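Residue numbers (the working numbering): 237 to 639.
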Amino acid sequence: MKLILRFGVVITFCFLWVAGVQAKPTEVTNVRIGVHAEKTRLVLEADGVFPYRVFLLANPYRVVIDLPNISWRAPFQRLEKPKGAIANYRFGLFRPGNSRVVIDVTGPVEIARHAVLAGDKKKPSRFFIDLKPIDAKTFEKSKDKVFARNWNAAKTPIEKPRVVAKEPPRRDSRKLIMIDPGHGGVDPGAIGLRGTFEKRVTLSTAKTVKHALEASGRYIVKLTRYRDMYVPLRDRFAKAEQAGADLFISLHADSIRKRRIRGASVYTLSEKASDSEAEALAAKENKSDIIAGVDLTEQSDTVASVLISLRQRHTMDQSAHFARFMVESLGKEVRLLRNTHRFAGFAVLKSPDIPSVLVELGYLSNREDEKLLQTKAFRKRVSKAILRAIDKYFARLKRLSKS
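Here it is, written out as structure tokens:
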């Protein structure tokens, strides 16, 4: 009997070990770009073959490669100038079980050839795609084509807008704060001088803020993302509305050409920008879905438009009050940008009912800020400031309700 039990344990262990090995995601170990007379080739080297789907997008011109859950071990390469038809590329988790590569191209292209080649002892497995420049008219005729190998199209259709259902009413009387770590997954956000990704700075800071707010015992806290994954702009404020949030705080860390500029700033929604810098920042942040390779042509203009409804006016006033508390509180903990409270047409702040602010933690284009943004001490100071600002905001609302 004992022998049978031992045999069963061994069989179970072997089964679990094999399952674990099979579950290990394929690793991409290198990326190569080759420029030829009539084509540009992008090659992904990997430790195994994988299914894929490729399609084209316009406005701006992009090539999107959908993959299963891939582990990206290739060294990061930021193209300072285009290589052939490729202006730049990026990779990340698009949604659970689905990774994505987005290639920015210099103009309209066609997929001349694509394939996955199995590796051997001397060479790794390779996926390659050949891009051939074409004219805009030819592109329009072929842009709806999908190129795939062993891809289950029914299981992973090209994404369409999703309807987010509202959660049942909360029994807990505490205020709910939604923290939004900007960017994520295939959208890295700004990239610092030393290669720091904005998406990682915002996520680590959001988790520290969440811990600080929950430790106070006064708030329920949720994040729009808990890992390095892309979340569409519309889904970010939709998650806050679904949860019945009382405040929405979006965290970012920008990068600009003027490397000497540093410091935190706070933004709120407005049809008209407070200044050209705020307008440029909003335009950049509103391109998150484009960067992630999402087709926006059939989507409603809820995100794209910056027109403000009458219903939003009251919410905007509350956002402005909260922003003032945030500026005051941050100023006691961290360095601030001049004219700290600014406003522009940020799509992520468009919830009609939830007071919302966007906090730029600093500038990754500044060496001192880039170094500071990665420290635990900085994250703790920011968390302390945000908690104090939230406390003051709700204390004000309580006073007004009694007057």
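Using N, Cα and C, we set each Cβ at its ideal position, and we do this for glycine too.
In this text the structure is predicted, and so the values were computed from the model without any measurement.
Contact between P588 and Q554 does not hold, since the beta-carbon distance rounds to 12 angstroms and is not under 8 angstroms. Secondary structure remark: continuous beta strand (DSSP E) runs of at least 3 residues inside the stretch 268–330, in chain order: 276–282, 288–293, 298–304. About 7 angstroms separates the beta carbons of I622 and I485, which is inside the 8 angstroms limit, making them a contact pair. Around the beta carbon of S565, 16 or more other beta carbons sit within 10 angstroms, so the residue counts as buried. A556 and T342 have their C-alpha atoms roughly 40 angstroms apart. Per the C-alpha coordinates, the member of G421, H447, L572 positioned closest to D525 is G421. Residue pairing for D423: DSSP places it in a beta bridge opposite G420. Sequence-distant Cβ neighbours of S619 in its own chain, meaning closer than 6 angstroms and more than five residues away, are T444, V445, A448. The secondary-structure analysis by DSSP pairs F579 across a beta bridge with T504. Between the stretch 266–283 and the stretch 310–323 there are three or more inter-stretch CB-CB distances shorter than 8 angstroms, so the stretches are counted as touching. DSSP, read as helix, strand or coil, puts L469 in helix. Taking all protein chains shown into account, D471 has 16 or more neighbouring C-beta atoms within 10 Å of its C-beta and is therefore buried. Burial is judged here by how many other beta carbons sit within 10 angstroms of a residue's own beta carbon; R461 has at least 16 and is buried.
Within the same chain, and ignoring the five residues on either side of I497 in sequence, the residues whose Cβ sits closer than 8 angstroms to its Cβ are L573, Y599, S601, N602. Between the stretch 409–420 and the stretch 372–381, the count of C-beta pairs closer than 8 angstroms stays below three; the two stretches do not touch. For A348, the enclosing beta strand (DSSP E) has its first and last residue at 345–353. Comparing alpha carbon positions, the residue from V593, A489, I527, D627 closest to Q610 is A489. Between the alpha carbons of I626 and P304 lies a gap of roughly 40 angstroms. By the Cβ neighbour-count rule, K435 is buried, with 16 or more other Cβ atoms within 10 Å of its own. Nearest to G453 by C-alpha distance, out of A474, G333, K411, V437, is K411. Straight-line spacing of the CA atoms in K508 and L585 works out to 14 angstroms. For D366, the enclosing beta strand (DSSP E) begins and ends at 361–369. DSSP places V338 inside the beta strand (DSSP E), whose first and last residues are 334–341.
In this structure, K612 is the residue among K612, A583, K634 with its C-alpha nearest to the C-alpha of S440.
For E316, the closest C-alpha among the options L429, R578, V290 is that of L429. Beta-bridge partners of I526 (DSSP): none assigned. Spatial neighbours of F630 in its own chain (CB-CB distance under 7 angstroms, excluding positions within 5 residues in sequence) are listed in chain order as K411. Distance check between Y297 and each of V595, F582, V530 places V530 closest, using alpha-carbon atoms only. One Cα belongs to L292, the other to S378, and the distance between them is close to 9 angstroms. Separation of S639 and A518 (C-alpha to C-alpha, rounded to the nearest whole angstrom) is 37 angstroms. Spatial neighbours of T576 in its own chain (CB-CB distance under 7 angstroms, excluding positions within 5 residues in sequence) are listed in chain order as S501, V502, V563. In the structure shown, D490 falls within a strand segment according to DSSP collapsed to helix, strand and coil.
An exposed status is given to G333, since fewer than 16 other beta-carbon atoms sit within 10 Å of its beta-carbon.
In the DSSP assignment, F433 falls outside any beta strand (DSSP E), carrying neither H nor E. Counting the other CB atoms within 10 Å of its CB gives D340 a total of 16 or more, which places it among the buried residues.
The three-state reading of DSSP puts R617 in helix, counting H, G and I together.
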